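J.: Structure below; questions to follow.
Number of protein chains: 2
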Amino acid sequence: MSEPVTVAVDANGADLGPAEVAAGAALAAQRGHRVLVFGPAAEIGDVPAGVEVIDAPVSIAKSPEPARAVRSTPDASIVQAARAVADGSADALVAAGSTGSALAAGLFHIRRGRGIHRPALALPIPIPGAPVLLLDVGANVESRADHLVQFAYMGSAFAAAVLGVDEPRVGLLSNGEEPSKGTPDVVAAHVELDHGTLNFVGNVEGTSVMAGAADVVVTDGFTGNVALKLMEGVSAALMKAVRDQAMSSNRAKVGGALMRPALVELRDEIDPEGPGGAYLLGLRRIGVVPHGRFTRTGFANAIDVAAKAVSEQAVERMHEALEAAGALRGASERPASVTG
Amino acid sequence: MSEPVTVAVDANGADLGPAEVAAGAALAAQRGHRVLVFGPAAEIGDVPAGVEVIDAPVSIAKSPEPARAVRSTPDASIVQAARAVADGSADALVAAGSTGSALAAGLFHIRRGRGIHRPALALPIPIPGAPVLLLDVGANVESRADHLVQFAYMGSAFAAAVLGVDEPRVGLLSNGEEPSKGTPDVVAAHVELDHGTLNFVGNVEGTSVMAGAADVVVTDGFTGNVALKLMEGVSAALMKAVRDQAMSSNRAKVGGALMRPALVELRDEIDPEGPGGAYLLGLRRIGVVPHGRFTRTGFANAIDVAAKAVSEQAVERMHEALEAAGALRGASERPASVTG
Numbered sequence: 001m002s003e004p005v006t007v008a009v010d011a012n013g014a015d016l017g018p019a020e021v022a023a024g025a026a027l028a029a030q031r032g033h034r035v036l037v038f039g040p041a042a043e044i045g046d047v048p049a050g051v052e053v054i055d056a057p058v059s060i061a062k063s064p065e066p067a068r069a070v071r072s073t074p075d076a077s078i079v080q081a082a083r084a085v086a087d088g089s090a091d092a093l094v095a096a097g098s099t100g101s102a103l104a105a106g107l108f109h110i111r112r113g114r115g116i117h118r119p120a121l122a123l124p125i126p127i128p129g130a131p132v133l134l135l136d137v138g139a140n141v142e143s144r145a146d147h148l149v150q151f152a153y154m155g156s157a158f159a160a161a162v163l164g165v166d167e168p169r170v171g172l173l174s175n176g177e178e179p180s181k182g183t184p185d186v187v188a189a190h191v192e193l194d195h196g197t198l199n200f201v202g203n204v205e206g207t208s209v210m211a212g213a214a215d216v217v218v219t220d221g222f223t224g225n226v227a228l229k230l231m232e233g234v235s236a237a238l239m240k241a242v243r244d245q246a247m248s249s250n251r252a253k254v255g256g257a258l259m260r261p262a263l264v265e266l267r268d269e270i271d272p273e274g275p276g277g278a279y280l281l282g283l284r285r286i287g288v289v290p291h292g293r294f295t296r297t298g299f300a301n302a303i304d305v306a307a308k309a310v311s312e313q314a315v316e317r318m319h320e321a322l323e324a325a326g327a328l329r330g331a332s333e334r335p336a337s338v339t340g
Numbered sequence: 341m342s343e344p345v346t347v348a349v350d351a352n353g354a355d356l357g358p359a360e361v362a363a364g365a366a367l368a369a370q371r372g373h374r375v376l377v378f379g380p381a382a383e384i385g386d387v388p389a390g391v392e393v394i395d396a397p398v399s400i401a402k403s404p405e406p407a408r409a410v411r412s413t414p415d416a417s418i419v420q421a422a423r424a425v426a427d428g429s430a431d432a433l434v435a436a437g438s439t440g441s442a443l444a445a446g447l448f449h450i451r452r453g454r455g456i457h458r459p460a461l462a463l464p465i466p467i468p469g470a471p472v473l474l475l476d477v478g479a480n481v482e483s484r485a486d487h488l489v490q491f492a493y494m495g496s497a498f499a500a501a502v503l504g505v506d507e508p509r510v511g512l513l514s515n516g517e518e519p520s521k522g523t524p525d526v527v528a529a530h531v532e533l534d535h536g537t538l539n540f541v542g543n544v545e546g547t548s549v550m551a552g553a554a555d556v557v558v559t560d561g562f563t564g565n566v567a568l569k570l571m572e573g574v575s576a577a578l579m580k581a582v583r584d585q586a587m588s589s590n591r592a593k594v595g596g597a598l599m600r601p602a603l604v605e606l607r608d609e610i611d612p613e614g615p616g617g618a619y620l621l622g623l624r625r626i627g628v629v630p631h632g633r634f635t636r637t638g639f640a641n642a643i644d645v646a647a648k649a650v651s652e653q654a655v656e657r658m659h660e661a662l663e664a665a666g667a668l669r670g671a672s673e674r675p676a677s678v679t680g
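Just so you know, the sequences run in chain order A and B.
Its first residue numbered 1, the first sequence is counted upward by one per residue in this note's numbering.
Its first residue numbered 341, the second sequence is counted upward by one per residue in this note's numbering.
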């Protein structure tokens with residue numbers, strides 16, 4: 001067996017409190033990972049077996065200006081966790097609190113990977129029967145064509161290395177399937193990807209995404225973030241409407257009750273805690289950002305995914321894919337003969 | 341009683357054929373509107389009562405380059421219909437075929453309203469209990485801040501004049517609720533709208549849109565089109581998942597059967613034919629673009645909405661709102677004293 005992977009976890013910011021994050025860390029430790037938890041020792045209480053708690057009570061999870069907070073608060077738990085990854089005490093980062101502070105601390109301390117324009121936040125969307133890795137869902141507001149191209153290679157390499165997808169089908173989110181459709185940046189990225197080394201399936205629209213047309217879907221951080229929240233909103237509204245209708249008559253009530261086990265099964269299938277959160281790609285190490293409302297199960301899954309990314313060398317594979325395609329920043333041009 | 345409104349209808353391009361569109365026109369004629377139908381007389385057959393059919397068999401509904409097709413095909417049905425509106429033979433346009441050719445013919449023949457940067461396509465999203473007018477859903481690919489501002493005024497005036505919404509709450513689709521969130525164009529539009537004359541509720545995210553936070557939601561045509569198709573995709577995928585689960589066991593089958601009437605009611609409530617289609621705003625006359633898969637009911641509703649927009653002077657009210665807010669193109673600056 002190889003050495004256990006060490007994951008640094010920021011325990012501040014979770015809705016259920018730092019003790020729930022620590023409980024998730026304990027679950028992950030049982031799976032063979034070494035976990036360093038940065039958070040308020042007093043709130044965590046008894047240190048769970050297999051977990052090392054570093055007392056770090058200062059939280060910047062709710063800061064409205066994460067970048068400034070990261071610089072001005074060196075003892076913040078997320079900053080200490082990111083520094084542990086940067087100095088090699090840990091191999092990957094899990095941030096249970098805010099995406100903004102995780103991104104800022106990651107950029108400032110772990111730093112961008114060599115040749116990477118911008119990191120991206122990749123979220124696995126648990127579509128029943130057709131899971132999709134969507135990126136960027138909000139690390140950036142605007143994304144140039146060469147950023148989109150890098151997102152495509154990073155997402156594809158991560159899906160192959162960590163999510164077990166063989167030759168992931170990569171699509172570019174656009175307002176039409178024809179290569180000419182999209183903003184100028186989308187159209188330019190399409191041309192690059194079409195000549196690249198990925199299993200590129202071209203532009204995809206929302207309807208085909210939900211029907212499983214691609215494993216990895218690439219978009220700019222603004223559109224991706226808007227899309228993500230719309231999907232959440234539509235799901236919630238529809239499930240509520242179905243529930244309301246199920247209560248609308250005695251007949252429907254009985255029907256709803258009979259269907260409940262099947263609907264619970266559906267809910268479990270689209271459980272957002274399963275994939276462990278969003279993946280922060282493009283730094284020198286992998287970050288995983290579980291949702292603040294997760295329970296210990298979700299936090300344990302986040303640590304699991306981060307550890308798997310380390311043992312599967314996701315960062316190295318992303319770099320190799322980008323290099324082979326000539327898509328690293330500063331690459332003078334595409335190599336004459338491209339080999340994956 | 342006022343004079344009947346005359347609506348020019350392009351009957352080419354509908355999935356069920358020109359006769360179905362003509363049948364919709366007949367329904368609309370029964371409601372007191374005068375309808376000119378441009379399409380292949382041979383396929384329409386017996387002319388329904390109250391409808392005037394102008395034989396126009398040439399269709400450019402499936403053209404991949406609508407702008408070029410509009411210029412090179414003066415006898416195309418959509419071009420003849422748009423010309424009828426432009427020369428005053430009709431008061432508004434309904435295009436049953438393709439959005440692209442309707443937009444191109446509208447721009448070329450009906451032309452942009454005075455002081456309007458770009459027309460926008462506004463789609464009423466039939467969210468149960470909280471209908472929303474979303475614009476732009478694809479008339480443009482990129483939208484500058486001053487375009488977004490005009491969309492907001494046009495959408496608000498249309499919702500008030502035609503959809504019966506009193507002082508519509510207008511939101512700006514973004515990746516966060518804070519005014520600082522969004523692309524530079526979204527942030528700049530936010531500032532303008534915050535100082536404007538609308539009932540502006542600020543930035544909205546997908547989750548709050550689906551929860552009814554705004555009556556009119558403004559975004560660029562790329563994001564709006566992507567959002568629209570994602571909403572369609574998520575709805576279809578979820579309804580399918582619920583249906584599949586309802587067939588997953590005998591118990592669930594009985595439950596599904598008992599719930600069916602309630603679910604049919606829900607489906608009727610989110611019937612896309614109800615609002616008649618998407619509204620083309622920003623031309624000198626109103627256009628309505630029903631979906632190609634509509635039945636006669638949807639086409640009749642489209643004609644109805646177009647006629648109502650004429651009798652309620654929607655174009656004039658949009659212009660007045662834009663003028664009062666100093667948001668017309670070429671307006672030197674906001675007037676010192678703004679009156680709605």
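Backbone N, C-alpha and C define an ideal beta-carbon position, used for all residues, glycine too.
All figures in this text were calculated on a predicted structure; none of them were measured in a lab.
Identify every run of the alpha helix (DSSP H) within the segment 372-443 of chain B, keeping only runs that are complete inside it and at least 4 residues long; order them along the chain.
T.: As far as the segment 372-443 of chain B is concerned, its whole alpha helix (DSSP H) runs of at least 4 residues are 381-384, 406-412, 417-426.
J.: Keeping to the same chain, check which residues put their C-beta closer than 8 Å to that of E312/A; ignore five residues upstream and five downstream.
T.: By one-based count along the first sequence, residue 312/A stands at place 312. The answer, listed in chain order, is A161, V162.
J.: Could you work out which residues of chain B lie near N225/A, taking near to mean beta carbons separated by less than 7 Å?
T.: Residue mapping note: residue 225/A aligns to position 225 of the first sequence, counting from 1. Those within 7 Å of N225/A in chain B are N515.
J.: Give the DSSP-derived three-state secondary structure of P124/A in the structure shown.
T.: Here residue 124/A is taken as the residue at index 124 of the first sequence, counted from 1. In the structure shown, P124/A sits in a strand (DSSP, three-state: E or B).
J.: So is R71/A buried or exposed if we call it buried at 16+ other beta carbons inside 10 Å?
T.: As a first step, residue 71/A is located in the first sequence; it is residue number 71 there, counting from the start. With fewer than 16 Cβ atoms within 10 Å of its Cβ, R71/A is classed as exposed.
J.: Between L474/B, N480/B, P414/B, which lies nearest to T439/B when the distance is taken from Cα to Cα?
T.: On the second sequence, residue 439/B is found 99 positions in, with the first residue counted as 1. Per the Cα distances, N480/B.
J.: Work out the CA separation of V361/B and L133/A for me, nearest whole Å.
T.: On the first sequence, position 133 is the one that residue 133/A refers to. On the second sequence, position 21 is the one that residue 361/B refers to. Each residue's alpha carbon lies about 42 Å from the other.
J.: Cβ closer than 8 Å: which chain B residues qualify as neighbours of M318/A?
T.: In the first sequence, the residue the question calls residue 318/A occupies position 318. Those do not exist, as M318/A stays about 25 Å from chain B at its closest Cβ, beyond 8 Å.
J.: With 8 Å as the C-beta to C-beta threshold (strictly closer), list the residues of the segment 554-582 of chain B near chain A in chain order.
T.: Residues T559, G561, F562, T563, N565, V566, A567, L568, K569, L570, M571, E572, G573, V574, S575, A576, A577, L578, M579, A581, V582.
J.: According to DSSP, simplified to helix, strand and coil, what is T346/B?
T.: Your numbering for residue 346/B matches position 6 in the second sequence. T346/B falls in the strand class under three-state DSSP.
J.: Considering Cα atoms alone, identify which of R633/B, L512/B, A592/B is closest to P612/B.
T.: Looking up residue 612/B in the second sequence gives position 272. When each option's Cα is compared against that of P612/B, the closest is R633/B.
J.: Out of P57/A, D215/A, G182/A, V137/A, point me to the one whose CA is closest to V170/A's CA.
T.: Mapped onto the first sequence, residue 170/A falls at position 170. Among P57/A, D215/A, G182/A, V137/A, the Cα nearest to that of V170/A is on D215/A.
J.: Find the nearest neighbour of V628/B within the set D386/B, A422/B, G453/B, judged by alpha-carbon distance.
T.: Here the question's residue 628/B lines up with position 288 in the second sequence. Measuring from the Cα of V628/B, the nearest candidate turns out to be A422/B.
J.: Residue range of the alpha helix (DSSP H) that F540/B falls in?
T.: Against the second sequence, residue 540/B aligns to sequence position 200. It is not in any alpha helix (DSSP H) - F540/B instead sits in the beta strand (DSSP E) that spans 539-544.
J.: Please report the distance separating the alpha-carbon of G196/A from that of G17/A.
T.: If you number the first sequence from 1, residue 196/A lands on position 196. If you number the first sequence from 1, residue 17/A lands on position 17. Near 45 Å, if we compare the C-alpha coordinates of G17/A and G196/A.
J.: Tell me where the alpha helix (DSSP H) around A22/A begins and ends.
T.: Numbered from 1 along the first sequence, position 22 holds the residue referred to as residue 22/A. Per DSSP, A22/A belongs to the alpha helix (DSSP H) from 18-30.
J.: Leaving aside the five residues before and after A528/B along the sequence, list all residues of the same chain whose C-beta is less than 8 Å from its C-beta, in chain order.
T.: Mapped onto the second sequence, residue 528/B falls at position 188. The residues are A485.
J.: Going straight from the alpha carbon of G50/A to that of R284/A, what length do you get?
T.: For this step, residue 50/A is matched to residue 50 along the first sequence. For this step, residue 284/A is matched to residue 284 along the first sequence. G50/A and R284/A: Cα-Cα distance of roughly 26 Å.
J.: What are the partner residues of V650/B, as DSSP defines its beta bridges?
T.: On the second sequence, residue 650/B is found 310 positions in, with the first residue counted as 1. Paired residues: none, contrary to the question.
J.: Can you look up R509/B in the DSSP assignment and give me helix, strand or coil?
T.: Position 169 of the second sequence, counted from the start, is the residue given in the question as residue 509/B. Here R509/B sits in strand by DSSP.
J.: By Cβ distance, which residues of its chain are closer than 6 Å to R329/A, with the 5 residues on each side in sequence left out?
T.: Position 329 of the first sequence, counted from the first residue, corresponds to residue 329/A. Counting only Cβ-Cβ distances below 6 Å, and skipping sequence neighbours, we find G115, H117.
J.: What span of residues does the beta strand (DSSP E) with V687/B cover, start to end?
T.: This structure does not reach residue 687/B, given that chain B is present from 341 up to 680, and the question cannot be answered.
J.: Could you say if the segment 559-571 of chain B and the segment 461-478 of chain B meet the contact criterion of at least three C-beta pairs nearer than 8 Å?
T.: At 8 Å Cβ cutoff, the stretches touch.
J.: Could you give the residue range of the beta strand (DSSP E) that holds A278/A?
T.: Sequence index remark: in the first sequence, residue 278/A carries index 278 (1-based). Counting along the chain, the beta strand (DSSP E) containing A278/A begins and ends at 278-281.
J.: I'd like to know if the segment 179-194 of chain A and the segment 202-221 of chain A are in contact, where contact means that at least 3 CB-CB pairs between them fall below 8 Å.
T.: With the cut-off at 8 Å, the segment 179-194 of chain A and the segment 202-221 of chain A touch.
J.: Where S429/B and G446/B are concerned, what is the direct C-alpha to C-alpha distance, given to the nearest angstrom?
T.: As a first step, residue 429/B must be located in the second sequence, where it is residue number 89. As a first step, residue 446/B must be located in the second sequence, where it is residue number 106. Each residue's Cα considered, the two are about 15 Å apart.
J.: Please classify L662/B: does DSSP put it in a helix, a strand, or coil?
T.: For the purposes of this step, residue 662/B is identified with residue 322 of the second sequence, where counting begins at 1. In this structure, L662/B counts as helix in the three-state DSSP scheme.
J.: Please look up how many angstroms separate the CB atoms of L322/A and Q150/A, rounded, as I've assumed it's under 8 Å.
T.: Here the question's residue 322/A lines up with position 322 in the first sequence. Here the question's residue 150/A lines up with position 150 in the first sequence. Rounded, the Cβ-Cβ distance is 6 Å, consistent with contact.
J.: Pull the bridge partners of R452/B from the DSSP assignment, please.
T.: Taking the first residue of the second sequence as position 1, residue 452/B is located at position 112. Bridge partners of R452/B: L623/B.
J.: Which partner residues of E107/A appear in the DSSP bridge assignment?
T.: By one-based count along the first sequence, residue 107/A stands at place 107. For clarity, residue 107/A is Leu in the given sequence; the question names Glu instead. Answer by DSSP bridge pairing: none, since L107/A is not bridged.
J.: With distances taken between CB atoms, is the gap from S101/A to I60/A smaller than 9 Å?
T.: In the first sequence, residue 101/A corresponds to position 101, counting from 1. In the first sequence, residue 60/A corresponds to position 60, counting from 1. Yes; because the gap between Cβ atoms is below 9 Å, this pair is in contact.
J.: Would you kindly work out how many angstroms separate the C-alpha atoms of D304/A and V37/A, rounded to a whole number?
T.: Here the question's residue 304/A lines up with position 304 in the first sequence. Here the question's residue 37/A lines up with position 37 in the first sequence. Taking the straight line joining both Cα atoms gives about 14 Å.
J.: Name the chain B residues whose beta carbon is nearer than 8 Å to that of G346/A?
T.: Not covered by the structure: residue 346/A. The range shown for chain A is 1 to 340.
J.: Select from M247/A, A327/A, V79/A the residue whose C-alpha is nearest the C-alpha of F108/A.
T.: As a working note, residue 108/A is residue 108 in the first sequence. Residue V79/A is the option with its Cα nearest to F108/A.
J.: Answer with yes or no whether the minimum CB distance from G522/B to chain A is below 9 Å.
T.: By 1-based counting over the second sequence, the position of residue 522/B is 182. Chain A, which has a Cβ nearer than 9 Å to the Cβ of G522/B, makes this yes.
J.: Once you ignore the five residues that flank E167/A on each side, which residues in its own chain have a CB closer than 8 Å to its CB?
T.: Numbered from its first residue, the first sequence carries residue 167/A at position 167. Excluding positions up to five away in sequence, the list reads A160, N199.
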